[in-house]
Structure formats: C-alpha cells, structure tokens
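Written below as structure tokens is the structure these notes are about.
Protein chains: 4
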Amino acid sequence: MGMVGGGRGAFIGAVHRIAANIDGQIELVCGAFSSDPGRSKESGADFYLPPNRCYGTFEEMIAAEKALPAGERMDFISIVTPNHVHFPPAKLALENGFHVLSDKPATFDLAEAKELAGLVKKTGLLYGLTHNYTGYPLVKEARDMVHTGKLGKIRKVVVEYPQGWLATRLEASGQKQAGWRTDPKRSGAAGCIGDIGTHAENLAEYITGLKIKELAADLTTFVEGRLLDDDGNVLLRFEGGAKGVLHASQISVGEENNLNIRVYGEKGGLEWHQKEPNTLLVKWLDQPMQVYRTANGYLSKAAAAAGRTPPAHPEGYLEAFANIYRNFAAHIRATLENRQPDPLHLDYPKIEDGVRGMAFIEAVVRSGHNNAAWTPIES
Amino acid sequence: MGMVGGGRGAFIGAVHRIAANIDGQIELVCGAFSSDPGRSKESGADFYLPPNRCYGTFEEMIAAEKALPAGERMDFISIVTPNHVHFPPAKLALENGFHVLSDKPATFDLAEAKELAGLVKKTGLLYGLTHNYTGYPLVKEARDMVHTGKLGKIRKVVVEYPQGWLATRLEASGQKQAGWRTDPKRSGAAGCIGDIGTHAENLAEYITGLKIKELAADLTTFVEGRLLDDDGNVLLRFEGGAKGVLHASQISVGEENNLNIRVYGEKGGLEWHQKEPNTLLVKWLDQPMQVYRTANGYLSKAAAAAGRTPPAHPEGYLEAFANIYRNFAAHIRATLENRQPDPLHLDYPKIEDGVRGMAFIEAVVRSGHNNAAWTPIES
Amino acid sequence: MGMVGGGRGAFIGAVHRIAANIDGQIELVCGAFSSDPGRSKESGADFYLPPNRCYGTFEEMIAAEKALPAGERMDFISIVTPNHVHFPPAKLALENGFHVLSDKPATFDLAEAKELAGLVKKTGLLYGLTHNYTGYPLVKEARDMVHTGKLGKIRKVVVEYPQGWLATRLEASGQKQAGWRTDPKRSGAAGCIGDIGTHAENLAEYITGLKIKELAADLTTFVEGRLLDDDGNVLLRFEGGAKGVLHASQISVGEENNLNIRVYGEKGGLEWHQKEPNTLLVKWLDQPMQVYRTANGYLSKAAAAAGRTPPAHPEGYLEAFANIYRNFAAHIRATLENRQPDPLHLDYPKIEDGVRGMAFIEAVVRSGHNNAAWTPIES
Amino acid sequence: MGMVGGGRGAFIGAVHRIAANIDGQIELVCGAFSSDPGRSKESGADFYLPPNRCYGTFEEMIAAEKALPAGERMDFISIVTPNHVHFPPAKLALENGFHVLSDKPATFDLAEAKELAGLVKKTGLLYGLTHNYTGYPLVKEARDMVHTGKLGKIRKVVVEYPQGWLATRLEASGQKQAGWRTDPKRSGAAGCIGDIGTHAENLAEYITGLKIKELAADLTTFVEGRLLDDDGNVLLRFEGGAKGVLHASQISVGEENNLNIRVYGEKGGLEWHQKEPNTLLVKWLDQPMQVYRTANGYLSKAAAAAGRTPPAHPEGYLEAFANIYRNFAAHIRATLENRQPDPLHLDYPKIEDGVRGMAFIEAVVRSGHNNAAWTPIES
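Just so you know, the protein sequences line up as chains A, B, C and D, in that order. Just so you know, the first sequence maps onto residues 1 to 379 in the working numbering. Just so you know, the second sequence maps onto residues 380 to 758 in the working numbering. Just so you know, the third sequence maps onto residues 759 to 1137 in the working numbering. Just so you know, the fourth sequence maps onto residues 1138 to 1516 in the working numbering.
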C-alpha cells in the first residue's frame, strides 16, 4: 500500500495505518505523505520507510511505483487527504493500474464521482471507500436482520449524527481539522452534511438496503462567520414507502460522535449506537427487547466474520475501520490469485456508495437552498 | 372534585384518580363516569361514592352540584373522556362557576380551544390541562437551566415520541383505547400527532420557553385501513432562530412510550428520557457530562418542589401527573382563601397551552396535506 | 388506619401516607403523630383529621379507638417511628385487636421479633412489614421466574445496597434521619446492616425463595466517632448450596440508594436495579439477553397485578410501597368480609420476614465481632 | 518479536499479534507456534514468516535466534501458551539475553514467579505481563484520580469479574480453551480465580495503589466433575484500612466478560465497566455524577497517552492490549538506544505484578481450603 496524505499531525492518516496494520495482511511500502517533500520523508521515516519511497507528490509516487517490478511496487493507494484531493490521486492511480482505497466522501462533487465510477468500470480495478461505520459487526448483523426479513417490511428510519466540536468558531483558532472542514474550497458544497451527514445516509441505506428517493433539508449555519452548514435536519422518503428522519450537527454541544440509528419494520425494530458499538437492541411486538452483543454464537455469518475477539472484549472504531481494509485486501488478493473472492470479502463500500454519497450531498444542499423543498437524489 | 368519564374499563380515569389521591389534598366527591347511568353508579360505588352523587351525564352533574351548598359541592371537574367530549363539559362547568382540569388535548379543534380560552378569561376561573410530562421534577430542572441561561442561547431541539402499540390494526380488534384514538370523529384531525405529538410539542416549548414559529410535516398512515396518521416527522423553526426536529410514531415496533428530548444551546446541552425520568444528562463544552438525579440538594427550587422522595427512590409517571393536580388544587385553595398563590403552584399547563397544542395539530395536519410545506402555527 | 409517628418533619411517615392514599382504599382516621400532643394535633390537622383523633401517645390512641364503635374505629395501625418504637405499639395493638402494618425492621432485636411472632400467631391478627422493595412489579417477575424454574437451580446471588449519604459525620449536624439511624439506642445493634442490609437480605430471599444458612461478615465503621457500622461485606451460603455476596454501605460516596441484585441459576440469570425499577434483565446461555419491562403483556400474573400504568409510564418507589398497603388492606377486607383472600393479595412481607430480618442482623453483628467467622442465621 | 505458542486455532495468540501490529512498531520475526514443528511452520506461513524462523520448540528458537547477528535476531519473546508453559520459556529467554513479554498469570505457581523475579533482577532484562485491562485509557484516568488525591483516602473497593461461559461442562466437549483452563496440570491451583480473579486483583491494586493485606475466600465448583473452582467470593482487607469485595465467576450464566470496579474514597468515588470501557463514572458528595469519556481534553496525561482516536470513536480490548505492547516496545527501544525511557512508557505490568498475582492465587486457594479463614497475601 502507498499512502497519499497522512503525514505528521494528520488525524485520519494514522487511523488508516492502524486499520491496515491490525491484521498483518497489508504492508505500507511507500507514500506521498505531504506536499512538502522534506516533510513527506520525515513522516515516512516514522513508519520505517526508506527515503526513496517517500515521495513529494502523488503524481511522483504513482509514476515511480509503476516503474518498479511487479512484486515490489505497491498494490493500491490509500487516499487520506482533505476532500478536494480525493479525486485527482484516485483518477491517476486507476489510470496507471493501481487499485484505490479512499477516505470519504469519494470526491469533491458529484460530477467527479460519476467520472470516477466510469473509470473504475473501465479499468476493472478495485475501489474501496472508508465509510467505516458499516464495518462494525453489529451493523452487519442489523443489515442481515433486515435482509432476511426478520423485521418485516421497513417503515421508518431515524438516523442521527450529532457532534459538538464545532459549537464555537474553532477554525479561527488555526485548528487544522476544523480549518479544511469548514472551507468550501477544500470540503465541498456542504460542511456538516458532507462530513458526517453522508455517514448517516450511508449507514441507513446499508442497513435497510433501501434507497432514499427524495428529501427535504433544513440547513443552518449557527456559528457566525462560518461559510458552510454546521447543522442539518432532513426528512427522508425511501423507495417503497418507508419514511425517515436524518439529522446531523456539529454544534450539538457535548455530543462526541454520536452516530445512532433506529429502524422499524412491520414485525420488529432495531437500534444501534456507535458510542457503544458492541450492542444491538432488537425490538419486537409483544415480546421483550433482545440485546445482541458482538462475538456471540447466535450472530449471523456476516457479523461473526467481522469480529476478532470473544464476547465482551469490546471492539471499536479501529477494528471496524480495519474490516474495510481487510476485505479490500482480501479482494485484491483474490484478484491477484485469479480466483473468486469469498462473498463475505466483497462487503466493503465501493464507488457506487461514493456516487450515492455525493448525490445525497448535492440534493441536501439544493433542498437547503430551496427552503427545504422536496428534492430527489440523482445518482 | 367531580369526574367526567373514567368509569370501569377506562385507562386514563384511573390515572387521574391516583394523581388526585396521592397527596391527600383532593377528594373525589361525585362523578358522571359513564353515559350509561347504571354504569356510572357502579363505577362510583367502586370509589365509595354515594349513589346520589353518581350522575348519568355531566350536564346533570353540573346542575345538581351547583344546587348544593358551597361547602359541600365539588370545587372543580376533572375531564377524562375521549377528545370530542373535552370541550362540552369544560364549557358548561366554566359557565356554571366550576374550575376545570382537563385531559389533553384541550378540545377537538382549534376553534373550540379559542372559545374555551375566551371563557376562562371571562369567568376568571381556573383551567388546568394534564400535559403530564411537564410535571416531572427533572423536566422542571431542564427548564430552569434554560431559563437561567446556563445553556446559553438555544440553537437546536430534538424531541421524539415513538410508540409501537398501533403497529398492527389494533382498533379492528375492539380494543377501546385504540378505537377512539384512530377515529377522526372522536380523536380529531390528527391521530398520532394529536395523541402524542402534542406532548412532544408541549415539552419542547415548556423546557425552552421558545415558541415554534413554523413547521414542515410529513405525515403517514402506515397501517392499511386506518383513517388517521400513525407516524409523523416534522421539521421545526422556533422564534429567535433555533431549529428542531420532532417525530412521533405509533408504529415504531417495540417502543413503549419513548418520549425523549435533547436541547442544545451555545454553552451546554441537555437530554431527558421519560423512560428513566429521574435522570437528566447535562452536557458541556470541554467538560465531562453531568448526570443530574432527582431529589438531590443541587437541584433548583422548582425541581425540588416537584419531588416527594429522597434520592434514588425513583418517582414516576403517576407522581408527575400528581404534580399537576397538586399545583392546581393549591391554586384553587389560594383562590378560595383569597390570597396570592405561591408562584411554584402556578406551574401547571393552562388554557394557553391548550390553544397552542390545538394550533400545533392544525398546522401539522395542514402541512401534511400540503406535501410538508412550511406552515406557521397560528395561536 | 391510625398512624404512629410520622408527624411534621418526618420522612417515612409521608411515604406511608402516600402509599396508603394512592389506591383510594385506605383512609387515615387517626394518629399519634408525635410524642408531643400539641405537635401531634398540628400534624393531624395537616391531614384534615379532627383534633379528637390526634392522640399524644400510641397507648392513648389504641385505648380511645378501641372504645369507638366498630364501623368508626381504625382497622389497623401503621407504625412509622424509629426502630426502638416498633415493638411496643405493635404489641399493644395486637393485644387490643388491631391489625398492624409496621416499618422495618420489625423490632429492636430478635427477642422482640420472636415475641411479636408469637402474638401474631396467638391473636390471629394480620401483620405486615414494609420491606417495600419487594413491592416492585419486576421483583415479583424475578421471583416468578425463579419459582417456575425458568432459571434452573440457583447457584449464585449478588445483592448490594450502597449509599453515600453518611460518608461524612452527618449525625453531628443534627440531621434527624442520620441521628437516630446511627444511635445504638434507637437503631439497634447494627447501623448500615440494620437499615439497608436487611432490605438486601429480604430481597434476595424473596426472589430466590432460598434461605441464607450461614454468613461471614466484615463490618466497618469508617466515619470516626460513629457508634455503629457504616459498611458491611458479607459472604453468604444458602440452603441447597447456592453461594452469594451481600454488601451494603452508607459511605459509598455518590451512591444514592443503589439496591441491586443479580441471580444466576443453571439455565439463566437475572439482574435488577432499584434505580431503574421498570427494567429486568434476563440472561441466557447462548441466547441474547432479554429486557423485560413493566406493564407488558408477557409478564406473569404476579407482576401484572402489581402495576397501575401501561408500558413505559414508569412506576416508582411510592407505587411499590403502595403495593404492600394495597395487599394488606385487601387481606383485611377479606377478613372483615369473612372470605378467602385472593392469593395475590397475600403477597406482602409478614412477621416471618421480620423475624428473619432480625436474625440476619444478629448473625451479621455476631460474625462481625468475631472476625467474620461463619455464623448461622437462627430464626 | 518471537512468539511462543499461538499457532492456528489458538485464541490469545491472535490477540497478541494484533496488539503488536497496531502501532507498526513491532515486527513478528520468528516463532515456536506449536510443539508440532510442521504445524508451527504452517502457522508461521500464515504470518508471512520464512520457514527457517518457524521453530519446533522455544528452546530451539532461543538457541537459533541467539546465534543470529544482533540487528537480525528477535529482541524479545512473547509467551502466549497455557499457564504451565509460561515459566520455562521466560526463564530460558532471560538466561539467553532476551526480554520477555508474557501472558498472565506469570507462572504456574508462586515459587516459579519468585524465581523469575530473581532472574529479571539479576539479568537486568525487561519483563512485561499482559494484565491487559490496565491498558485502558480510563483505567489510567481512574488511577490518576486516586493518586492525585481527588477521591480522598480510599475506603472501599468492589471489583467483580463474572463470566458465564463455563456454566456447563464445556471442557467435556473438547473445547480447547475450556480444556486447559479447567485442568489443574495446565492451569495451576485455581480455575476461575487464576484465570480472571487475578485480573480483578490486579485492576484493584493498580487503580488504588493499595495492596491487599489479607483475604477470606469462599470458593466453589458448581459444575459436577470439574476439578477446579468455577466461582469465588472474596472479602478483602487492604493495607491502610480500606475494605473490599472481589467476586469472580465462570458460571454466571449470560455474563460475558463483565469486569467491573467501583472505588470509594472519602471525597469521591468512581465506577468503570470493561464492557463499555470508554466511560468512567465519577461520583461526588452533593454534586452530580460526572461521565468521563476517552479522548477528551480534560483527561490526565496518562489517559491521553493511552488513546489513539478522537472522542467517541470507541477503542476496545485490542487497543488496551496494544498499549502494553507499545509501552514495552518503547522501553526496549530506550534501552537499546541507551536513554532514559519516557516515564509514561514504564506504565505496563511487570514481574512484581506477576509475583503479586501468584501470591493472590495461593492465598485465595489456601483460604478457600480453610473455610474462608483470613489469609495474608505473601509476596
């Protein structure tokens, strides 16, 4: 794996490296960790890379690695830069025969995402997207419950992602994460909705298997001087008649990273909280609620495959993230070995999820500008 | 107190009687418990009432009681009938000099509510409404925190009231509670929104002290053959710029009576769940969350006054309900004794809350019929 | 009902009155609320009693009431005084033909309790004891689960009752509740163990139906100058081979009234917390945990009979307390009407529980003085 | 790192490898994964090791690695075998100049542990022990709170570790983990107490900084035919006067891995649950409870250093485990580089903890055989 971005001081790059390390199946062999070549080399040294494989730009990296012998060069790139630098390295990598694993959102805007989808299709290369919350074992259990019909036809979805870290104008303090996330030039058309609202959308569609047909969004920028939305409340209508609510916020003081989802069908309901991800509440008509926990024998094959520890040894965010890396790597390996991948290994977010996310962002922003008028998602 | 409705087999009548009993300050002296005079007498006997004060109709009761000497006749009526029989006894009681305590919603429609408000004003009599959830000590603490500025200017409110008991067509089974609640002739223009959505609205406005200015509502009837909404998702805009989400449901399988509220200001946030009403979560920027519990010395005067037991002797629904009765009775007593009531005793829902609730219902229904267009609340 | 103790400023007296009021089946007709006759009359006036039925002493009350005609005089006395004044009025009432409902512990020491048991037997009168925690609906459900064999043979019990209110020397401040509870002359041989340890013991034996055979107790007085234990850790051995741990504390800073119990059998386990009494966790081998909640249709007859509200309208401490009053009153009524009581109404703590509690206290104290040597409970 | 044990089918070996991988600071370079040389090579191949560094025995590994040049050979061994094979490889490694990281308990019995302590002292080599629960960030926060005096003098500790996985005679089914853990020849003198009771003991002493002085233990074997204890209830007395309760169980049906601790001082208390390790409850006299959460700015330096992700990205068991590896590796690195280690890196369990754990086990077993007589811990 070659990494784009993620040098010293970055947050998500470290998460990606841990996720890649956990299972001992992926080796970081090179990187363009920073647009400053010296800093890139320094960062690479932290990871025990030789200086000659610490590149100043992703263009340089892709060209140099391509020139290496097949067994030596990187197999895929991992993109961990701010949003506006997702598309360019992804495109270049695909055009030069490298698989791509990218942080979300897939691109800066929907047009880029569609172009990328075309390239993935054309090249036949693999593309993974770290919508990491779908990597949790019990999210997979939730999906399995819906897909096997245990809950009956789905009627209602409530998905929410409140955070509080941007309740003040943190970006004015020079905080790096706040800086680019609130900057339309680097973040894209949406702030809160792009950064975390897409995770909520992705989670809802992943679990239910239903697509959001149209939405009505009330976006707000509460913090004075901020250029992008920091709060959004959205009504959802799904294909097939289910209804829903999605709300996301960066100004909900005291909330950490409180991604939650509730899904109700005709026969049962379920509830999951990212904060305590090893518990899934399952609700029934006229029967006591059940508390599913990771790593127990009663779980589905999909949930079992996503765990690494026995019951009540809690797994967390990094393991969920690692599940995407593990499946992506297993898929690459199957490809390299010319065999059919295990269907369980195909369970990671792909370019279609990326396109969907960008279409969601554009629809929310359009609806928001239009006084929350109903707006279709066009993907 | 004289009771209208609440004979054998009724649910909410029993709750009102317990609420009235708890503090030993209110005596049930008569009732028109059923439109069937025999049944009314039988019910009255259950409560140790003499047959001559068990009436066949509320008209009869009001007339007969009025004819009794001042020290003997009832002081107020308690109305515990289905929605369409809230207004008539309230009106007649006021016109004949009796105070009124009514179950919610105040009336069948907004016009009736406004007429009732006029009567209350004109007669100078007292009118209380059992929006019982505002009777909980920690709801009062929450309100106090907002009003004393601890949370800063309010930005966002999320209030929700999912239930699951009407996920199937229970009304077709002859279940009495389901029957009238899903019948437009007895329930009014809204189903779920009228029955429980109004509680959510009332709670949000009570705690924040902010009025909802306009709303966009997506109403659904999921259960085939049902005539009223059984699910509603609503975007809220408050006076002063706060935003919010309100959702209520009767088809959220496995949910009991899950009224929850979260409020976020510029400096802090709070979260309260009716299911565990003796806990209030208080959230801060950069400080650990605090867990407020009933009956502790650190609570506000308002919260302290609403409790009856020491810490961790949990109080519940009936005590919250009883707080409305207790304050209402104390207010009547002050009136009878010609003195100023203790300001703490004025803290119970009044006709203004009733009008507000009916205006909310009408706005939601109008918005719902209009594809969730923004609709002002006119009260 | 005539009350002994519970005048102005008392805590538990108010709880008893609310518990008696809730269901409208019991009327407070007289009282000896204070050893100061003037204060007794003042207190009685608060409850709308005529002065002539507010007595200066319980002796006076029992004599005067006995002299009244049968339909007029009190049916039973309710004893809400400190521990050293439990036995005398109970004895006198029984000797004069009155039923007795007493706060716990039954008496000051085991000898008194045994004498009282003899009197109850001899007179054939009814005696109830407010070990109120067994009044909760889900405690009854827990008991039903054990008794119907759902959990299999019981192996282990963990019961705990930490409080923190006496972590400092509160009794030195003049606080009334702390005063008598830490005074060996009024409280008895044990402090913490007598006040709350007995509740834990009673709860464990009630739910499991097993008797503690012997125990090893390590008692401590942490607060300097205090005369009685304020913390106790106890190993338990039950008849039939089950083992257990009981710990109680008044110096566990920050704990409110945190009575908890866990019971494990060969097939299943259960867990209940008084702090959130409407939830019962039920655990299984190889199956997800279930969350039982009050007022649902799946509950046992015993649990259902102990509730007053529909699901998720939380009931609390006062309702649990009231269940003892309700059953006791129903038993008296059956006796007055010369009919067999409903077996459900016999479910309230009796003199046998009182004797058992006193024997537990004496065993704990003896073991504690004996460096935690194993000590049998002799009852 | 060279691994002893942990071949295909082992549980804890995989955990150790992930823990070593996570931070990219440790490389697995060789192993004696199985006593079957072929199996050892197969397992090594799973980890991309060359066959010549997959050894058939730890003796062979230590000899062969010692013969390699300094920059090539392993720096330390990681021991992940059943208990009876902890001491021999540890001893041999130390005698041959290799640092040792071992799974717990340190040895098979106390005598071995003391011998090992002597060897560590004599060689000056590093020895780490994976009492992994002390690796959690909030356990470190708890310790910091005690050590900085925030809770005042400690009075009471309640530590518990219930599991339910051995509620039936699982070892009879051939399940490997159950097999050796219930076999006195491989597990040692204690079953439940050795496997998990020691974790509880270690956690209590780590957080409080207090040593258990004496204990009284009631041990039971509930499952017929089992040779070691599967349940234990223990009274604790700490140096300095604090009291405590420790109970551990493998037959508490439905419990997963429910390690919990509560500590109460004169001024405050705290509560931590391994099941939800990112939350620490902090309790105060007369103030609301606070909820500390990982990764927030208000945490101590020690807790902050132990985290890898931002707030509400839950970390779990593997990360806590990895913290021991990370600190141990950093300590080795400092040693290799001849510099003082960062004091934060010294925070991992050492041979003293191992001796202490073995002394605890022996005291518990002795007390258990002696009808729970008070027994000192001799370490």
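No residue lacks a Cβ here, since even glycine has one placed at the ideal position from N, Cα and C.
Linking residue 251 of chain A to residue 681 of chain B through their CA atoms gives a straight-line distance of about 29 Å. The beta carbon of residue 1226 of chain D is closer than 6 Å to those of 1141, 1195, 1216 in its chain, skipping five residues each way along the sequence.
For residue 1343 of chain D, the enclosing alpha helix (DSSP H) begins and ends at 1335-1345.
Residues of chain A with a Cβ closer than 7 Å to the Cβ of residue 1021 of chain C do not exist; the shortest Cβ-Cβ separation is about 17 Å. Here DSSP, grouped into helix, strand and coil, assigns residue 1239 of chain D to strand. In this structure, D:1396 is the residue among D:1501, D:1499, D:1396 with its C-alpha nearest to the C-alpha of residue 1268 of chain D. For residue 1397 of chain D, the enclosing beta strand (DSSP E) begins and ends at 1397-1402. Within chain D, the residues whose beta carbon sits less than 8 Å from that of residue 677 of chain B are 1423, 1424, 1425, listed in sequence order. Taking C-alpha positions only, residue 973 of chain C is separated from residue 710 of chain B by approximately 55 Å. Shown here for residue 615 of chain B: same chain residues with a beta carbon closer than 6 Å to its own, the five before and five after excluded, namely 591, 594, 623, 625 in chain order. Look at residue 457 of chain B here: in three-state DSSP terms it is strand. One Cα belongs to residue 1117 of chain C, the other to residue 864 of chain C, and the distance between them is close to 11 Å. When A:44, A:39, A:104 are compared, the shortest CA-CA separation from residue 200 of chain A is found for A:104. For the stretch 1067-1086 of chain C, the set of positions with a beta-carbon nearer than 8 Å to some beta-carbon of chain B reads 1067, 1068, 1069, 1070, 1071, 1072, 1073, 1074, 1075, 1076, 1077 in chain order. Chain order gives no chain D residues near residue 506 of chain B, where near means a beta carbon separation below 9 Å; the closest approach is about 36 Å.
Contact annotation: in the stretch 1488-1506 of chain D, no residue has its CB less than 9 Å from a CB in chain C. Of B:714, B:747, B:678, the smallest CA-CA separation from residue 515 of chain B is found for B:678. Using beta-carbon distances, residue 1037 of chain C does not count as an interface residue toward chain D, since no partner is under 8 Å.
Residue 1516 of chain D has no beta-bridge partner at all, per DSSP. Beta-bridge analysis with DSSP links residue 761 of chain C to C:789, C:836. In the three-state reduction of the DSSP assignment, residue 1349 of chain D falls in the strand class. The three-state secondary structure of residue 153 of chain A, taken from DSSP, is coil.
About 5 Å separates the CB atoms of residue 1509 of chain D and residue 1355 of chain D; that is less than 8 Å, so the two are in contact. Cβ-Cβ distances below 6 Å link residue 221 of chain A to 229, 230 in the same chain, with the five nearest sequence neighbours on each side left out; the list follows chain order. The stretch 739-746 of chain B makes no contact with the stretch 808-826 of chain C; the number of CB pairs closer than 8 Å stays below 3.
Against chain D, the beta carbon of residue 24 of chain A has neighbours under 7 Å at 1154, 1158, 1184, listed in chain order. Below 8 Å, too few C-beta pairs join the stretch 531-550 of chain B and the stretch 707-727 of chain B to call them touching: fewer than three.
A distance of 8 Å or more separates the beta carbons of residue 897 of chain C and residue 289 of chain A.
Per the C-alpha coordinates, the member of D:1362, D:1302, D:1312, D:1307 positioned closest to residue 1333 of chain D is D:1302. Of all residues in the stretch 989-1000 of chain C, only 989, 991, 993 come within less than 7 Å of chain D when Cβ atoms are compared, listed by chain position.
At a cut-off of 8 Å, the C-beta of residue 1428 of chain D has a neighbouring C-beta in chain B.
In this structure, residue 651 of chain B and residue 254 of chain A do not form a Cβ contact; the two beta carbons are roughly 14 Å apart against a cut-off of 8 Å. Identification of chain C residues near residue 1316 of chain D by a Cβ-Cβ cut-off of 8 Å yields none; the smallest Cβ-Cβ distance measures about 19 Å. Against chain B, a Cβ distance below 8 Å from residue 769 of chain C picks out 689. Assigned with DSSP and collapsed to three states, residue 1470 of chain D falls in helix.
At least one CB atom of chain A sits nearer than 8 Å to the CB of residue 631 of chain B.
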